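Okay, so here's the structure we're looking at.
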Amino acid sequence: MTAPTLHTERLTLRPFVSEDADELWRTVMRDPDVMMTLSVQPTSLAEEKAAAAQYIECYSAPWVPEGYGGWAVCARTDALAEPGAMLGFCGFERAQIDGEGAELGYGYGKDYWGKGLGLEAASRAADWYFRDAGHDKFYACFDPGNDGSRKILETIGLVYSRDVDLWDSVARGLGKLPLLTVNRESYLNRRAGTKGQ
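Heads up: the sequence shown runs through residues 47 to 243, numbered per our numbering.
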């Protein structure tokens, strides 16, 4: 599958290109507060830059074999930043937990926190995943102290399943992470109910 470009009112979710690594590093990876919410913990500039390239590969690789992947999340209008400027990333990576579908992940520059962008992008990505691509289910985990991420996931319809040691969360001192899941039927039913209200 070729990665599609998706739009929301304020955002463009476009396929990554390898040249995005520097901008992803500048926007997301160089801020320690942002990195605390992600699955990697680089300790040097070289590791931060390598992490940006690894994230792009992680979200680009599944498109052809799996029919899903991730996007660079960019400003669509000048309300947030210069149109086309990268604000972060969002999308689906290969599952680390058997039987749960793809893993939804996202990260944004700290300047863009608290503006509803995470919810806007994750909602559009989930809608594409179920409606357009026809996948059956996905999951997400979050740092237990990250209320913003929890609210995003619950708002788009994910529900708590169990706690898991994912991405070395126990070794990193985070403990087990809450695993939230959603399937196509419950997602579409919830969306139909929301639109009818």
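Idealized CB from N, CA, C, for every residue including glycine. Since we're looking at a predicted model, the values are computed, not measured.
Can you say whether residue i is buried or exposed, counting buried as having 16 or more other CB atoms within 10 angstroms of its CB?
{"i": "residue 57", "result": "buried"}
{"i": "residue 47", "result": "exposed"}
{"i": "residue 242", "result": "Caution is warranted here: a pLDDT of 48 is assigned to residue 242, below 50, making its placement in the model unreliable, and no coordinate value can be reported."}
{"i": "residue 74", "result": "buried"}
{"i": "residue 208", "result": "exposed"}
{"i": "residue 217", "result": "exposed"}
{"i": "residue 123", "result": "exposed"}
{"i": "residue 180", "result": "exposed"}
{"i": "residue 206", "result": "exposed"}
{"i": "residue 155", "result": "buried"}
{"i": "residue 171", "result": "buried"}
{"i": "residue 111", "result": "exposed"}
{"i": "residue 244", "result": "As displayed, the chain neither begins before 47 nor continues past 243, which places residue 244 out of reach and without an answer."}
{"i": "residue 238", "result": "exposed"}
How is the beta strand (DSSP E) around residue i delimited, first residue to last?
{"i": "residue 72", "result": "Premise fails: residue 72 is in no beta strand (DSSP E) and is neither H nor E."}
Relative to the ligand ATP, is the shortest distance from any of its heavy atoms to the C-beta of residue i smaller than 8 Å?
{"i": "residue 196", "result": "Ligands displayed in this structure: none; no statement on the ligand ATP is therefore possible."}
Based on the DSSP output, what are the partners of residue i in its beta bridges?
{"i": "residue 117", "result": "61, 136"}
{"i": "residue 175", "result": "Note: residue 175 sits in no beta bridge, so no partner."}
{"i": "residue 150", "result": "138"}
{"i": "residue 53", "result": "58"}
Are residue i and residue j touching if we call contact CB-CB under 9 Å?
{"i": "residue 212", "j": "residue 143", "result": "yes"}
{"i": "residue 210", "j": "residue 225", "result": "yes"}
{"i": "residue 138", "j": "residue 153", "result": "no"}
{"i": "residue 146", "j": "residue 184", "result": "yes"}
{"i": "residue 59", "j": "residue 109", "result": "no"}
{"i": "residue 199", "j": "residue 150", "result": "yes"}
{"i": "residue 54", "j": "residue 186", "result": "no"}
{"i": "residue 165", "j": "residue 201", "result": "yes"}
{"i": "residue 114", "j": "residue 92", "result": "no"}
{"i": "residue 95", "j": "residue 131", "result": "no"}
{"i": "residue 178", "j": "residue 50", "result": "yes"}
{"i": "residue 127", "j": "residue 101", "result": "no"}
{"i": "residue 72", "j": "residue 107", "result": "no"}
{"i": "residue 64", "j": "residue 99", "result": "yes"}
{"i": "residue 160", "j": "residue 194", "result": "yes"}
{"i": "residue 182", "j": "residue 236", "result": "no"}
Terminal residues of the continuous alpha helix (DSSP H) containing residue i?
{"i": "residue 128", "result": "First-last for residue 128: undefined, no H or E at that position."}
{"i": "residue 108", "result": "Per DSSP, residue 108 belongs to no alpha helix (DSSP H) and is neither H nor E."}
Inset, instruction - Entirely within the segment 184 to 239 and at least 4 residues each: give me those alpha helix (DSSP H) ranges in chain order. - result: 193 to 201
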